[in-house]
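Per our numbering, residue 1076 is the first one in the sequence shown, and the count goes up by one each step. Note that beta-carbon positions come from the ideal geometry of N, C-alpha and C, so glycine has one too. Here the structure is laid out as structure tokens; the discussion comes afterwards.
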Amino acid sequence: MRGRRGVLAAGAAGLTAVLAGVAVERRDRRAIAADPARAALAVPLAGRPIAVVSDDGTVLHAEVHGRDDGITVVLVHGWMCTSAVWRLQILALADHVRVVAYDQRGHGRSGPAVEADYSGDALAADLDAVLTQAVPDGEPAIVAGHSMGAMAVVAWAHAQGDEVGDRLAAVALVSVGVEDLIHRSTIIPFPTALAAVRAVIGERVLATPLPLPARTNPVLSRLVKGITLGPAASPAQVAFCTDMLLETPTHVRAAFGATLSTFDLGDGLPALTVPAVVIAGDHDRLTPPVHARAIAAALPDATLVELPGVGHMIPIEAHAQVTEVIRRLVAAPRHERRPAQERDGPGP
């Protein structure tokens, strides 16, 4: 009898938990539907698709929005995102400038990496291919990179050396770190004495191809918000980011996770000689503002912007501020460029 009662009690508890989960999921859906931010996040983008071929043969999906002439703004997304993370900037900018947004290798509609190369060098080569094939010859572009996309910008600059100023007019680096990503993350606080343990655990977590659910659920959406967004992020913003994260193939997430865990591009910062704006959210747990402050201090010509109450997904959470930064970079007078051999500053 006791055994039967135990089974019945366990079954009742399980049913209660399921019903509670269903109730929470319904409540979440109602909150998303009522969220004023939802409409803009659902507007279709009418870009002109182009295929960009990187130097190793990887095919990248890119889209051109807005004008056919004038200065080009290139938007580079981060890990486990797609070019859709920039959709609010695209909608705001496309009437005024030429916007190019592309999916990183293995993400979105881009093809998988040839020979499974998901390295920092591959990210730099992909950006170089986009600048070469999607930006008019002789016209320096403005590049905005978010998270791993911003790291790609630094990696590209390090590889280009003195040619950076010939190909870029300015950059915006959003939610970025270029070294010590695991040590400085605040997702799971560790005592300083256990820093080595945190490094080992962090590297294994990032590089392990653990499958994620096929669709979002209340637990996952709250986890995503806690890790990647600030406390003021709206229900529609959380849902949009969660759905985007789930699109990334497991093996791509793990391969780039391994790359990010050992990223060290501090030596590449001096090569980024063009005007730069570094943007950080003070609630970013993946790349806390300590990264942005160090990067801004190391860059030759940088402005630091710290946004209160904002997490890692700044292009979504603080889209108006990011758009305004890009607009100011577009409107700024172009610095007179001299031939590379006459330019002061560091080489590669």
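Query - Same chain, Cβ closer than 7 Å to T1157, neighbours up to 5 away in sequence not counted - result: D1178, H1182, G1183, M1319 and E1322
Query - Best match in H1387, L1347, E1381 and V1352 for proximity to D1359 [C-alpha to C-alpha] - result: H1387
Query raised in the report: In terms of residues, what are the limits of the beta strand (DSSP E) holding E1381?
Result: A1377 to L1382
Report task. Please determine, among V1239, A1108 and V1253, the residue with the shortest C-alpha to C-alpha distance to V1365. Result -> V1253
Requested in this report: Check whether the Cβ atoms of A1373 and L1379 sit closer than 7 Å, and answer yes or no.
Outcome: Going by C-beta atoms, A1373 is not nearer than 7 Å to L1379.
Query raised in the report: Going by C-alpha distance, which of D1203, W1154, V1128 and V1218 is nearest A1333?
Result: Closest option to A1333, judged by alpha-carbon separation, among D1203, W1154, V1128 and V1218: W1154.
**Report entry** Reduced DSSP category for R1297 - H, G, I as helix; E, B as strand; rest coil
**Finding:** Three-state result, R1297: helix.
Report task. Could you name the residues of the same chain whose beta carbon sits closer than 7 Å to that of D1203, not counting the 5 residues immediately before and after it, in chain order? Result -> W1231
Query raised in the report: Can you give the Cα-Cα distance for L1243 and G1224, rounded to whole angstroms?
Result: So the two alpha carbons sit approximately 15 Å from each other.
Report task. Could you give the DSSP three-state label for P1363: helix, strand or coil? Result -> Three-state result, P1363: coil.
Report task. Would you list the one or two residues that DSSP bridges to A1216? Result -> L1243
Query raised in the report: How about R1173 and D1201: do their beta carbons lie closer than 7 Å?
Result: no
Query - Minimum C-alpha distance to I1107 - residue among S1296, V1400, T1337 and V1246 - result: S1296
Requested in this report: Taking all protein chains shown into account, decide if D1117 is buried (16 or more other Cβ within 10 angstroms of its Cβ) or exposed.
Outcome: Just to set this straight, residue 1117 is Ala in the shown sequence, not Asp. Classification for A1117: exposed.
Query - Three-way DSSP call (helix, strand, coil) for A1160 in this model - result: Note that residue 1160 is Val in the sequence shown, not Ala. If DSSP states are grouped into helix, strand and coil, V1160 belongs with the helices.
Requested in this report: Could you tell me the distance, in whole angstroms, from the CA atom of V1405 to the CA atom of I1146?
Outcome: 8 Å
Requested in this report: Indicate whether L1135 and R1162 have their beta-carbon atoms separated by less than 7 Å.
Outcome: no
Query raised in the report: In terms of alpha-carbon separation, which member of G1195, H1221, R1402 and D1144 lies closest to D1212?
Result: Ranking the options by Cα distance to D1212, first place goes to D1144.
Query raised in the report: If we ignore side chains and look at the alpha-carbon of each, how far apart do R1409 and P1111 end up?
Result: About 38 Å.
Query raised in the report: Which runs of the alpha helix (DSSP H) fall wholly inside the stretch 1327 to 1374 and span at least 4 residues, in chain order?
Result: Here the runs fully enclosed are 1364 to 1373.
Report task. For R1413, name the three-state secondary structure that DSSP assigns. Result -> Because the pLDDT of R1413 is 34, which lies under 50, any placement of that residue in the model is unreliable, and the number read from its coordinates should be weighed accordingly. Coil at R1413, not helix or strand.
Query raised in the report: DSSP three-state call for H1182: helix, strand or coil?
Result: Correct three-state label for H1182: coil.
Query raised in the report: Which value, in whole angstroms, describes the spacing of the CA atoms of V1149 and T1398?
Result: 13 Å
Query raised in the report: DSSP three-state call for A1169: helix, strand or coil?
Result: coil
Query - Own chain, CB closer than 7 Å to D1419, minus 5 neighbours either side, in chain order - result: A caution first: D1419 carries a pLDDT of 35, below 50, which makes its placement in the model unreliable, though a value can still be read off. Correct list: empty, nothing qualifies.
Query raised in the report: Whose C-beta lies closer than 8 Å to the C-beta of P1288 among residues of the same chain, with five residues either side of it excluded?
Result: L1295 and L1321
Query raised in the report: Alpha carbon to alpha carbon, how far is A1428 from V1400?
Result: Shown here, the chain extends from 1076 to 1423; a query on residue 1428 therefore has no answer.
Report task. Would you mind working out which of P1350, L1382 and M1226 sits nearest G1305, comparing C-alpha positions? Result -> L1382
Requested in this report: In angstroms with no decimal places, state the Cα-to-Cα distance between T1283 and A1377.
Outcome: Approximately 36 Å, taken between the alpha carbons.
Requested in this report: State buried or exposed for T1325, treating a residue as buried only when at least 16 other CB atoms are found within 10 Å of its CB.
Outcome: exposed
Query raised in the report: Cβ of V1175 within 7 Å of Cβ of G1343?
Result: Going by C-beta atoms, V1175 is not nearer than 7 Å to G1343.
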